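In our numbering, the protein residues as written are 908 to 1084. Everything on this sheet refers to the single structure shown next.
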Amino acid sequence: MKPLVAAVAVLVALAVGAPVQAQTPEIDALRARAEAGDAEAQDDLGIMYANGRGVPEDDAEAVRWFRLAADQGVGTAQSNLGVMYHTGDGVTQDYAEAVRWYRLAADQGYARAQSNLGLMYDFGIGVPEDDAEAVRWYRLAADQGFARAQYSLGFMHDNGRGVPQDDAEAVRWYRLG
(Lines of atoms letter the chains of each structure in order from A and count residues from 1; the text may use other names and numbers.)
(Lines give C-alpha, C1' and ligand atoms only; values in the text may rest on other atoms or scores of the structure.)
Protein backbone atom coordinates (compact mmCIF):
# COMPACT_ATOMS: atom_id res chain seq x y z
CA MET A 1 0.00 0.00 0.00
CA LYS A 2 2.85 2.38 0.78
CA PRO A 3 4.16 2.30 -2.84
CA LEU A 4 0.66 3.22 -4.06
CA VAL A 5 0.44 6.15 -1.63
CA ALA A 6 3.90 7.29 -2.66
CA ALA A 7 3.01 7.08 -6.36
CA VAL A 8 -0.20 9.07 -5.82
CA ALA A 9 1.71 11.67 -3.81
CA VAL A 10 4.25 12.07 -6.63
CA LEU A 11 1.49 12.41 -9.24
CA VAL A 12 -0.34 15.01 -7.13
CA ALA A 13 2.88 16.94 -6.60
CA LEU A 14 3.58 16.92 -10.33
CA ALA A 15 0.04 18.01 -11.18
CA VAL A 16 0.08 20.82 -8.64
CA GLY A 17 3.54 21.92 -9.77
CA ALA A 18 2.64 22.13 -13.45
CA PRO A 19 1.02 25.59 -13.49
CA VAL A 20 3.87 27.10 -11.49
CA GLN A 21 6.37 25.46 -13.81
CA ALA A 22 4.70 27.12 -16.81
CA GLN A 23 5.67 30.60 -15.64
CA THR A 24 9.20 30.63 -17.00
CA PRO A 25 11.48 33.64 -17.24
CA GLU A 26 10.97 33.55 -21.03
CA ILE A 27 7.19 33.84 -20.66
CA ASP A 28 7.60 36.59 -18.09
CA ALA A 29 9.87 38.50 -20.50
CA LEU A 30 7.42 38.00 -23.37
CA ARG A 31 4.53 39.21 -21.19
CA ALA A 32 6.54 42.29 -20.15
CA ARG A 33 7.21 43.16 -23.80
CA ALA A 34 3.55 42.57 -24.68
CA GLU A 35 2.36 44.74 -21.81
CA ALA A 36 4.78 47.46 -22.96
CA GLY A 37 3.01 47.50 -26.34
CA ASP A 38 5.26 45.26 -28.47
CA ALA A 39 2.77 44.08 -31.10
CA GLU A 40 4.74 40.98 -32.13
CA ALA A 41 5.00 39.92 -28.49
CA GLN A 42 1.26 40.49 -28.09
CA ASP A 43 0.55 38.21 -31.06
CA ASP A 44 2.97 35.57 -29.73
CA LEU A 45 1.33 35.69 -26.30
CA GLY A 46 -2.09 35.35 -27.94
CA ILE A 47 -0.89 32.23 -29.76
CA MET A 48 0.39 30.80 -26.49
CA TYR A 49 -2.98 31.36 -24.78
CA ALA A 50 -4.91 29.99 -27.77
CA ASN A 51 -2.85 26.79 -27.74
CA GLY A 52 -2.17 26.48 -24.01
CA ARG A 53 1.59 26.48 -24.53
CA GLY A 54 3.48 27.64 -21.47
CA VAL A 55 0.32 29.26 -20.08
CA PRO A 56 -3.14 27.90 -19.33
CA GLU A 57 -5.31 27.69 -22.45
CA ASP A 58 -7.61 30.71 -22.41
CA ASP A 59 -9.33 31.76 -25.63
CA ALA A 60 -10.67 35.03 -24.20
CA GLU A 61 -7.14 36.01 -23.15
CA ALA A 62 -5.85 34.98 -26.59
CA VAL A 63 -8.43 37.24 -28.22
CA ARG A 64 -7.41 40.13 -25.96
CA TRP A 65 -3.75 39.85 -27.02
CA PHE A 66 -4.57 39.24 -30.69
CA ARG A 67 -6.76 42.36 -30.73
CA LEU A 68 -4.02 44.53 -29.23
CA ALA A 69 -1.57 43.37 -31.90
CA ALA A 70 -4.17 43.45 -34.70
CA ASP A 71 -5.07 47.04 -33.87
CA GLN A 72 -1.39 47.87 -34.46
CA GLY A 73 -1.58 46.33 -37.95
CA VAL A 74 0.12 42.97 -37.37
CA GLY A 75 -1.18 40.74 -40.17
CA THR A 76 -0.73 37.45 -38.34
CA ALA A 77 -2.67 38.81 -35.37
CA GLN A 78 -5.42 40.08 -37.67
CA SER A 79 -5.65 36.63 -39.23
CA ASN A 80 -5.61 34.95 -35.81
CA LEU A 81 -8.39 37.24 -34.63
CA GLY A 82 -10.33 36.36 -37.78
CA VAL A 83 -10.00 32.68 -36.89
CA MET A 84 -11.33 33.33 -33.39
CA TYR A 85 -14.40 35.12 -34.78
CA HIS A 86 -14.83 32.41 -37.42
CA THR A 87 -14.80 29.60 -34.85
CA GLY A 88 -16.36 31.49 -31.95
CA ASP A 89 -13.45 30.71 -29.63
CA GLY A 90 -13.12 33.38 -26.95
CA VAL A 91 -15.70 35.62 -28.66
CA THR A 92 -19.25 35.36 -29.94
CA GLN A 93 -19.05 33.78 -33.39
CA ASP A 94 -19.37 36.53 -36.00
CA TYR A 95 -18.62 35.63 -39.61
CA ALA A 96 -18.76 39.23 -40.85
CA GLU A 97 -16.17 40.21 -38.24
CA ALA A 98 -14.04 37.20 -39.25
CA VAL A 99 -14.16 38.38 -42.87
CA ARG A 100 -13.18 41.91 -41.81
CA TRP A 101 -10.08 40.69 -39.96
CA TYR A 102 -9.15 38.18 -42.67
CA ARG A 103 -9.36 40.94 -45.27
CA LEU A 104 -7.07 43.25 -43.31
CA ALA A 105 -4.45 40.50 -43.06
CA ALA A 106 -5.02 39.31 -46.64
CA ASP A 107 -4.51 42.82 -47.99
CA GLN A 108 -1.05 42.71 -46.38
CA GLY A 109 -0.28 39.54 -48.33
CA TYR A 110 -0.69 37.04 -45.50
CA ALA A 111 -1.36 33.71 -47.28
CA ARG A 112 -3.32 32.01 -44.50
CA ALA A 113 -5.75 34.92 -44.34
CA GLN A 114 -6.04 34.99 -48.13
CA SER A 115 -6.91 31.29 -48.13
CA ASN A 116 -9.42 31.74 -45.31
CA LEU A 117 -11.00 34.67 -47.14
CA GLY A 118 -11.24 32.48 -50.24
CA LEU A 119 -13.04 29.89 -48.15
CA MET A 120 -15.51 32.49 -46.89
CA TYR A 121 -16.38 33.50 -50.47
CA ASP A 122 -16.36 29.87 -51.62
CA PHE A 123 -19.05 28.88 -49.13
CA GLY A 124 -20.79 32.24 -48.63
CA ILE A 125 -19.80 32.54 -44.97
CA GLY A 126 -20.13 36.14 -43.78
CA VAL A 127 -20.18 37.33 -47.41
CA PRO A 128 -22.29 36.45 -50.45
CA GLU A 129 -21.05 33.31 -52.18
CA ASP A 130 -18.80 34.39 -55.06
CA ASP A 131 -16.74 31.76 -56.87
CA ALA A 132 -14.66 34.28 -58.82
CA GLU A 133 -13.73 36.11 -55.63
CA ALA A 134 -12.93 32.80 -53.92
CA VAL A 135 -10.62 31.89 -56.81
CA ARG A 136 -8.92 35.28 -56.61
CA TRP A 137 -8.07 34.86 -52.93
CA TYR A 138 -7.15 31.19 -53.26
CA ARG A 139 -4.79 32.06 -56.12
CA LEU A 140 -3.03 34.78 -54.11
CA ALA A 141 -2.39 32.31 -51.30
CA ALA A 142 -1.60 29.42 -53.66
CA ASP A 143 0.99 31.49 -55.50
CA GLN A 144 2.78 31.86 -52.15
CA GLY A 145 2.88 28.09 -51.74
CA PHE A 146 0.02 27.79 -49.24
CA ALA A 147 -0.96 24.13 -49.68
CA ARG A 148 -4.58 24.37 -48.54
CA ALA A 149 -5.23 27.16 -51.06
CA GLN A 150 -3.48 25.19 -53.80
CA TYR A 151 -5.77 22.23 -53.18
CA SER A 152 -8.85 24.50 -53.08
CA LEU A 153 -7.78 26.12 -56.34
CA GLY A 154 -7.45 22.65 -57.85
CA PHE A 155 -11.00 21.91 -56.75
CA MET A 156 -12.28 25.12 -58.33
CA HIS A 157 -10.61 24.24 -61.66
CA ASP A 158 -11.81 20.64 -61.39
CA ASN A 159 -15.42 21.77 -61.01
CA GLY A 160 -15.39 24.89 -63.17
CA ARG A 161 -16.26 27.15 -60.27
CA GLY A 162 -15.11 30.73 -60.79
CA VAL A 163 -12.86 29.59 -63.65
CA PRO A 164 -13.42 27.49 -66.77
CA GLN A 165 -13.30 23.77 -66.01
CA ASP A 166 -9.75 22.58 -66.75
CA ASP A 167 -8.55 19.10 -65.81
CA ALA A 168 -4.88 19.89 -66.43
CA GLU A 169 -4.98 22.98 -64.19
CA ALA A 170 -6.91 21.05 -61.55
CA VAL A 171 -4.30 18.28 -61.50
CA ARG A 172 -1.46 20.82 -61.38
CA TRP A 173 -2.93 22.56 -58.34
CA TYR A 174 -3.93 19.31 -56.63
CA ARG A 175 -0.35 18.07 -56.96
CA LEU A 176 1.05 21.27 -55.54
CA GLY A 177 -1.42 21.16 -52.67
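Quick reminder that beta carbons are idealized off the backbone N, C-alpha and C, glycines included. Keep in mind the model is a prediction, meaning the values are calculated, not measured.
Open item on the list: Considering Cα atoms alone, identify which of Gly1084, Arg1007, His993 and Glu942 is closest to Asp971.
Closed with: Going by the sequence as given, residue 971 is Arg instead of Asp. Among Gly1084, Arg1007, His993 and Glu942, the Cα nearest to that of Arg971 is on Glu942.
TODO: Taking all protein chains shown into account, decide if Thr983 is buried (16 or more other Cβ within 10 angstroms of its Cβ) or exposed.
DONE: buried
Open item on the list: Just verifying my parser: in three-state terms, what is the DSSP assignment at Phe973?
Closed with: helix
Task: Local conformation of Glu1076 per DSSP, three classes - done: helix
- [ ] Kindly indicate the opening and closing residues of the alpha helix (DSSP H) around Tyr1009.
- [x] Tyr1002 to Ala1013
Task: Assigned exposure category for Asp950 - 16 Cβ within 10 Å defines buried - done: buried
Task: Segments of 4+ residues assigned as alpha helix (DSSP H) that fall wholly inside the segment 1024-1075 - done: 1038-1049 and 1054-1066
TODO: Use the C-beta contact count for Gly944: other C-beta atoms within 10 angstroms, 16 or more gives buried, fewer gives exposed.
DONE: exposed
TODO: Using 10 angstroms around the beta-carbon of Asp1029, count the other beta-carbons present and answer buried if the total reaches 16, otherwise exposed.
DONE: buried
- [ ] Output the distance between the C-alpha atoms of Ala1049 and Tyr1017, rounded to the nearest integer angstrom.
- [x] 11 Å
Open item on the list: Only counting the same chain, and skipping five residues up and downstream in sequence, which positions put a Cβ closer than 7 Å to that of Tyr1081?
Closed with: Tyr1058 and Gly1061
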